[in-house]
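See structure below.
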Amino acid sequence: MTKDILSVAVLGPGGVGGLLAALLSRAGHRVTCLAGEETAAALRTRGIRVHSALFGDFTARVGADTELRAPVDAVLITVKHTALDAALARVPVPAVGEDTLLVPFLNGVEHPALLRARYRPDRVAPAVVRVESTRVAPGVIEHGSGFAEIDLAGDAVPRPRLDALARVLEAAGPTVRVLPDETAALWAKMAFLAPFALLTTRHGLPLGEVRSRYREELTALVEETAAVSRACGAPADPARALAGYDSFAPGTKSSMQRDAEAGRPLELDAIGGALLRAAERHGVAVPVAARLVRELADATRRPPGR
3 MTKDILSVAV LGPGGVGGLL AALLSRAGHR VTCLAGEETA AALRTRGIRV
53 HSALFGDFTA RVGADTELRA PVDAVLITVK HTALDAALAR VPVPAVGEDT
103 LLVPFLNGVE HPALLRARYR PDRVAPAVVR VESTRVAPGV IEHGSGFAEI
153 DLAGDAVPRP RLDALARVLE AAGPTVRVLP DETAALWAKM AFLAPFALLT
203 TRHGLPLGEV RSRYREELTA LVEETAAVSR ACGAPADPAR ALAGYDSFAP
253 GTKSSMQRDA EAGRPLELDA IGGALLRAAE RHGVAVPVAA RLVRELADAT
303 RRPPGR
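Numbering-wise (the working numbering), the sequence shown opens with residue 3 and increments by one.
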């Protein structure tokens with residue numbers, strides 16, 4: 003099927019999912035958000051309000067339900083990895099159409115295999131998103147970055163399907179690329195995200211202080227992550243990653259750090275755990291990463307105040 007996507011379900015209308023749902027609805031597509039009853043009721047009543055310097059301030063009407071009840075052209079999966087298993091109950095296999103694309107916008111590199119074990123493998127199209135967007139209340143989205151960029155991949159997905167989805171997403175606002183190598187796309191983000199997330203969360207400091215006070219540790223972790231990425235078949239450039247960190251505003255925090263500060267579950271296994279498992283499979287030594295993951299795991303098990 004090569005027609006442009008017209009009906010979209012968004013599983014998890016948070017910072018990323020809410021922004022994409024609102025943009026797609028504003029562009030004229032049929033959007034249904036899948037969430038808990040309280041959130042779904044709020045979205046049905048008030049829609050999604052977006053505050054964005056890039057896309058403007060607007061309210062978009064969306065449909066909302068607690069689960070997918072009829073096939074759509076695409077399901078955008080925008081929940082945190084820690085909530086993925088429970089959230090997928092809202093997308094029952096019988097309700098997914100033969101040609102429905104499942105598009106996960108998740109951190110890490112292992113989720114496509116999980117989705118392919120559950121749904122049709124050649125309809126899973128992993129995406130990588132670069133955006134700073136936060137849900138401040140049900141149906142209220144603050145888009146804080148001056149960019150919204152999506153890389154779309156899917157080695158087994160017919161290219162015309164990826165191109166059709168990319169056209170729809172880009173026409174709605176974000177900059178979209180279709181990449182030919184899924185592994186490279188996922189590891190490009192992982193190689194940048196893992197050092198950023200692990201170090202800012204471990205030290206409880208924004209990126210500016212991490213890159214100055216813990217430069218040696220940051221450099222070593224970037225090199226370890228790049229080595230794992232290359233072993234997995236994806237290119238990685240440690241110098242470019244470090245230059246990227248240096249270009250960010252000093253107060254930048256990772257989403258994992260923000261989750262830690264708010265007492266929410268951490269995507270430690272999806273990021274750090276996946277990195278260690280890939281390193282073990284390929285025989286790559288990652289002592290800094292292993293220590294940080296262990297320390298963070300210990301910290302999450304420690305009672306508050308201890």
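Just so you know, even glycine gets a beta-carbon here, dropped at the ideal spot from N, CA and C.
For serine 256, there is no enclosing beta strand (DSSP E), as DSSP marks it with neither H nor E. Here DSSP, grouped into helix, strand and coil, assigns phenylalanine 194 to helix.
Shown here, glutamate 144 sits in a strand according to DSSP, grouped into three states. Boundaries for valine 159: no beta strand (DSSP E) harbours it, and the DSSP string shows neither H nor E there. In this structure, the alpha-carbon of lysine 191 lies about 12 Å from that of glutamate 151. Counting only the Cα atoms, leucine 56 lies some 16 Å from isoleucine 50. According to DSSP, aspartate 67 shares a beta bridge with Leu36. Across the set Thr221, Ala233, Lys255, Gly99, the C-alpha of Thr221 shows the shortest separation from the C-alpha of proline 240. For glutamate 218, the secondary structure class from DSSP, reduced to helix, strand or coil, is helix. Looking at the backbone, the Cα of glutamate 184 and that of threonine 302 are separated by about 32 Å. Of all C-beta pairs linking the stretch 33-51 to the stretch 135-147, three or more are shorter than 8 Å, placing the two stretches in contact. With three or more CB-CB distances shorter than 8 Å, the stretch 55-73 counts as touching the stretch 88-105. Contact check for histidine 83 against glutamate 269 passes: the beta carbons are separated by less than 8 Å.
Cβ neighbours of alanine 276 within its own chain (closer than 8 Å, five residues either side excluded): Gly110, Val111, Glu112, Met192. A Cβ-Cβ separation of about 28 Å leaves aspartate 248 out of contact with arginine 296 under the 8 Å criterion. About 7 Å separates the beta carbon of aspartate 153 from that of alanine 129, a gap short enough to meet the 8 Å contact definition. Under the three-state reduction of DSSP, arginine 132 is assigned to strand. Sequence-distant partners of valine 288 (beyond 5 residues in either direction) whose C-beta falls short of 6 Å from its own C-beta, in its chain, are Glu226, Ala281.
Shown here for proline 208: same chain residues with a beta carbon closer than 7 Å to its own, the five before and five after excluded, namely Thr202, Pro252, Gly253, Thr254, Lys255 in chain order.
Looking only at Asp300, Val12, Val18, the smallest Cα-Cα distance to glutamate 134 is reached by Val18. DSSP lists no bridge partner for arginine 48. By the CB criterion at 8 Å, histidine 31 and leucine 8 fall inside the cutoff. Note that the C-beta distance between leucine 21 and histidine 145 is below 8 Å. Beta-bridge pairing by DSSP links isoleucine 273 to no other residue. The beta carbons of alanine 299 and leucine 278 sit no closer together than 8 Å.
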